[in-house]
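Numbering follows the UniProt record's numbering, in which position 493 of the sequence shown is assigned residue number 493; successive positions increment by one, without gaps.
We put the beta carbon where it would ideally sit given N, CA and C, even for glycine.
Data block below; observations after.
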Amino acid sequence: MLCSIKITFPYLALTGATYQLVTQKKSFYDAEHYCQTHGGHLTSVHSAAENQHVYNLCRQHSGRYCWIGLERESTGHFRWTDGSAFSYNNFHSGEPDNYNNEEGCALMPLHDSNYPNGLWSDKKCVAHYDLSYFVCKMSGSSQTHTSAPVVTNPPSQTLTSGTHKLYVQGTNLMMDGHRVFLSGTNQPWVAYAYDFGNHQYASRKTKFEQALQQVHQAGGNSIRTWIHIEGETSPQFSSDGHVTGFDRDGTFISDMREYLQAARRYNILVFPTLWNAAVNQNYHYRLNGLIKDQSKLQSYIDHALIPMVQALKDEPALGGWDIMNEPEGELKANVFSADPCFDTRPLNNQGPGWAGKLYTAQEFAKFINWQADAIKRADPQAMVTVGAWNPKSNTDNFGFHNLYKDECLRKAGGKQLGTLTFYSVHTYDNNGHFDGQSPFQHSFSDFGLDKPVVIAEFNQNKGGGMTSQQQYQYAYNHGYSGAWAWAYDKDWSTEQDGVSAIRSKNDQSKGGLVAINLN
């Protein structure tokens, strides 16, 4: 709870920085994320005087420990999270000892006679130590070079008027202090997998912008669009399957930026979907390498994902990132695990694996966790989701397991920031009937989820007898945070009626504001 936080802002002339003591129990990674969303990082320390200043600040309250921003890299060397040089060392004699090969983050014991005057110890990064506070250091230090982006507002609080960025408050999507409802459609592609990069967008632009215009005219505010798919033209792969850049000709970012800037003119938020597991086609071997080989996945993160997020994060029309469309298409169902996070027996004979039973739930969860973590490190305000094929894989109710909850993603990949910001689910009928778990048969609360949910694929044609207007109105009135019909190029003449049916809505006790403003 934010109300439990006590913050002081002492200024240190030696560094020109401002420091915040936060009296809230968090892991190292959650503390670093908190600092980033408040405009800084966990504090770095570059002199005995600065160390004493931080130590004195930590001891203003009764905590036992105080995190500082020092983290062990995979090489065994330590680094400050703000990117500054590790030039001052105040570890206690015999430290860091990396006890049981589990300790990789530094803190100050505050009331231990064996660690007087701000000596450091290494501890488990993921632990929430009792009464472990932390200090955030705000930009301004001449010592500090910030290598990660810094934002000025936490995503859990109201953003400054005029920023027009989505964020989450409880189980609602918010913008400019108002609950909002994402209303629109899927325009997944103009030319499947050949839309962005390699000078391709120039010949697709007219159709993309036509969709933006028509969604806007219908009163919609958002579109979901596919990007890499299976790696056909982006990102750029080497012959051994590692990612070396965005695309062959170097136009990927400029293409994406041009699209996003057009979307802003029409007040449309765009949600790029990176990968697709609903099919297994000629270039699947590239995507397979990223899922199976963590060095290849890291090459994508380093050479494409992080640079892409950094390049586009300030575009007002960037709504968020969908890491993968329907992982369940290539999921191995009926796999036993003692851990419910990875036990897919409840999904046996339920539909997963239609494109091939290729990957375990644990493999997909790691793939998602690493990318979500990278996105949030590059842009702490980023919205991240995964397009689940059906609520069956995205809830712990009705006898199923939520494969995408925070606990499961962190267990699989080990990245503490690698979680989703909101959930998105797809739903279609079978022979005219929904399966009992469709969001159109339930209210949001029935799924027992702690994040907002967008119904990210559906249509009237396979809508269980519901009209498009009924579907959009149902989603708006039953606790969901958005509705995107499938798809613009196929059924827009019908689906636009649903979008138009809620265009003027602004009931803050239900779906919220539809007519958002990005300008």
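Residue 122 lies in the beta strand (DSSP E); which residues open and close that run?
Within the sequence shown, residue 122 is the residue found at index 122, counting from 1. Run containing residue 122: 121 to 123, per the beta strand (DSSP E) assignment.
8 Å contact criterion, which residue 19 and residue 63 should meet: CB distance rounded:
Numbered from 1 along the sequence shown, position 19 holds the residue referred to as residue 19. Numbered from 1 along the sequence shown, position 63 holds the residue referred to as residue 63. Their Cβ separation, rounded to whole angstroms, is 15 Å, which puts residue 19 and residue 63 out of contact at 8 Å.
Does any residue of chain C bring its CB to less than 8 Å from the CB of residue 429?
Looking for chain C here will not work: only one protein chain is present.
Apart from the five residues just before and just after residue 283, which ones in its own chain have a Cβ nearer than 7 Å to its Cβ?
Reading the sequence shown from its first residue, position 283 is the one you call residue 283. Cβ contact annotation for residue 283 (same chain, cutoff 7 Å, sequence separation greater than five): 230, 231, 232, in chain order.
For residue 254 and residue 312, what's the separation of their Cα atoms in angstroms?
Here residue 254 refers to the residue found at position 254 when the sequence shown is read from its first residue. Here residue 312 refers to the residue found at position 312 when the sequence shown is read from its first residue. Straight-line Cα distance between these residues: approximately 10 Å.
Beta-carbon proximity list for residue 79, same chain, < 7 Å, skipping 5 on both sides
The count along the sequence shown starts at 1 and reaches residue 79 at position 79. Same-chain partners within the cutoff: 71, 73, 86.
One or two residues paired with residue 322 in a DSSP bridge
As a working note, residue 322 is residue 322 in the sequence shown. 273, 385, per the DSSP bridge assignment.
Would you grab the beta carbon distance between residue 372 and residue 331 for me? Rounded to a whole angstrom, and I think it's under 8 Å.
Indexing the sequence shown from 1 puts residue 372 at position 372. Indexing the sequence shown from 1 puts residue 331 at position 331. About 18 Å separates the two Cβ atoms, so there is no contact after all.
What are the boundary residues of the alpha helix (DSSP H) that residue 367 is part of?
Within the sequence shown, the letter at position 367 stands for residue 367. Residue 367 -> alpha helix (DSSP H) spans 361 to 378.
Assess, as a yes-or-no matter, whether the segment 190 to 205 is touched by the segment 472 to 481 under the definition of 3 or more beta carbon pairs within less than 8 Å.
no
Three-state secondary structure assigned by DSSP to residue 499:
As a position in the sequence shown, residue 499 is number 499, starting the count at 1. Helix, per DSSP.
Out of 474, 257, 217, which one is the CA nearest neighbour of residue 195?
Looking up residue 195 in the sequence shown gives position 195. With distances taken between Cα atoms, residue 195 lies closest to 257.
Answer with buried or exposed for residue 53, where buried requires no fewer than 16 other C-beta atoms within 10 angstroms of its C-beta.
The residue you call residue 53 lines up with position 53 of the sequence shown. So residue 53 ends up on the buried side.
Out of 483, 509, 489, 490, state which residue places its alpha-carbon closest to the alpha-carbon of residue 219.
To locate residue 219, count along the sequence shown from 1; it is residue 219. Comparing Cα-Cα distances from residue 219 to each of 483, 509, 489, 490, the minimum goes to 483.
Looking only at its own chain, which residues have a Cβ that is under 6 Å from the Cβ of residue 340, when we skip the five neighbours before and after it?
In the sequence shown, residue 340 corresponds to position 340, counting from 1. Cβ within range, chain order: 401.
Counting Cβ pairs closer than 8 Å, one from the segment 379 to 398 and one from the segment 435 to 443, do we hit at least three?
Inter-segment contact for the segment 379 to 398 and the segment 435 to 443 is present: three or more beta-carbon pairs are separated by less than 8 Å.
Cα separation between residue 179 and residue 247?
Working through the sequence shown from its first residue, we reach residue 179 at position 179. Working through the sequence shown from its first residue, we reach residue 247 at position 247. Computed Cα separation, rounded: 38 Å.
Sequence-distant residues of the same chain with beta carbon closer than 8 Å to residue 301, five excluded per side:
Here the question's residue 301 lines up with position 301 in the sequence shown. Excluding positions up to five away in sequence, the list reads 370, 371, 374.
Would you decide whether residue 422 is buried or exposed? Buried here means 16 or more other CB atoms lie within 10 Å of its CB.
Numbered from its first residue, the sequence shown carries residue 422 at position 422. The residue in question, residue 422, is buried, as its Cβ has 16 or more Cβ neighbours within 10 Å.
Boundaries (first-last residue) of the beta strand (DSSP E) holding residue 41:
Position 41 of the sequence shown, counting from 1, holds the residue named residue 41. Here the beta strand (DSSP E) through residue 41 covers 40 to 42.
Are the segment 234 to 246 and the segment 175 to 189 touching, with three or more C-beta to C-beta distances below 8 Å?
With contact defined as three or more Cβ pairs closer than 8 Å, the segment 234 to 246 and the segment 175 to 189 are not in contact.
What number of angstroms, rounded off, separates the C-alpha of residue 468 from the C-alpha of residue 36?
As a first step, residue 468 is located in the sequence shown; it is residue number 468 there, counting from the start. As a first step, residue 36 is located in the sequence shown; it is residue number 36 there, counting from the start. In a straight line, the C-alpha of residue 468 is about 41 Å away from that of residue 36.
Beta-bridge pairing of residue 457 - partner residues as DSSP gives them
In the sequence shown, the residue the question calls residue 457 occupies position 457. Its beta-bridge partners are 426.
When we look at the beta-carbon of residue 407 and count the other beta-carbons within 10 Å, is it buried (16 or more) or exposed?
Here residue 407 is taken as the residue at index 407 of the sequence shown, counted from 1. Residue 407 should be labelled exposed.
Buried or exposed (CB count within 10 angstroms, at least 16 for buried), residue 319:
What you label residue 319 is simply residue 319 of the sequence shown in a count that begins at 1. When all chains shown are included, residue 319 counts as buried.
Would you call residue 345 buried or exposed, if buried means 16 or more other Cβ atoms sit within 10 Å of its Cβ?
Here the question's residue 345 lines up with position 345 in the sequence shown. Residue 345 is exposed by the Cβ-count criterion.
Inspect the beta-carbon positions of residue 516 and residue 267 and report whether they are closer than 8 Å.
Counted from its first residue, the sequence shown places residue 516 at position 516. Counted from its first residue, the sequence shown places residue 267 at position 267. A Cβ-Cβ contact shorter than 8 Å links residue 516 with residue 267.
Where in the segment 178 to 236 do unbroken runs of the alpha helix (DSSP H), each at least 4 residues long, occur, reported from the N-terminal end onward?
205 to 217
Please report the distance separating the alpha-carbon of residue 226 from that of residue 68.
Locating residue 226 in the sequence shown gives position 226, counting from the first residue. Locating residue 68 in the sequence shown gives position 68, counting from the first residue. Distance between the alpha carbons of residue 226 and residue 68 is about 40 Å.
Do you know how far the Cα of residue 168 is from the Cα of residue 137?
Start at 1 with the first residue of the sequence shown, and residue 137 comes out as number 137. Start at 1 with the first residue of the sequence shown, and residue 168 comes out as number 168. The straight-line gap from Cα to Cα measures roughly 25 Å.
Residue of 473, 115, 211 minimising C-alpha distance to residue 493
Mapped onto the sequence shown, residue 493 falls at position 493. With distances taken between Cα atoms, residue 493 lies closest to 211.
Whole angstroms are fine: how far does the CA of residue 420 sit from the CA of residue 197?
Here residue 197 corresponds to residue number 197 of the sequence shown, with the count starting at 1. Here residue 420 corresponds to residue number 420 of the sequence shown, with the count starting at 1. So the alpha carbons of these two residues sit roughly 27 Å apart.
Evaluate residue 328 with the Cβ neighbour count: other Cβ atoms within 10 Å of its Cβ, from every protein chain shown; 16 or more gives buried, anything less gives exposed.
The count along the sequence shown starts at 1 and reaches residue 328 at position 328. Per the 10 Å Cβ criterion, buried.
Here's the rule: buried if 16 or more other CB atoms are within 10 angstroms of the residue's CB, otherwise exposed. What is residue 76?
Position 76 of the sequence shown holds residue 76. Flag for residue 76 reads exposed.
Quick check on DSSP: helix, strand or coil for residue 504?
Along the sequence shown, one-based indexing puts residue 504 at 504. Here residue 504 carries a coil assignment [DSSP, helix/strand/coil].
Within its chain, find whatever has a CB closer than 8 Å to the CB of residue 165; leave out the 5 residues flanking it on each side and keep chain order.
The residue given as residue 165 occupies position 165 in the sequence shown. Contacts found: 159, 175, 316, 381.
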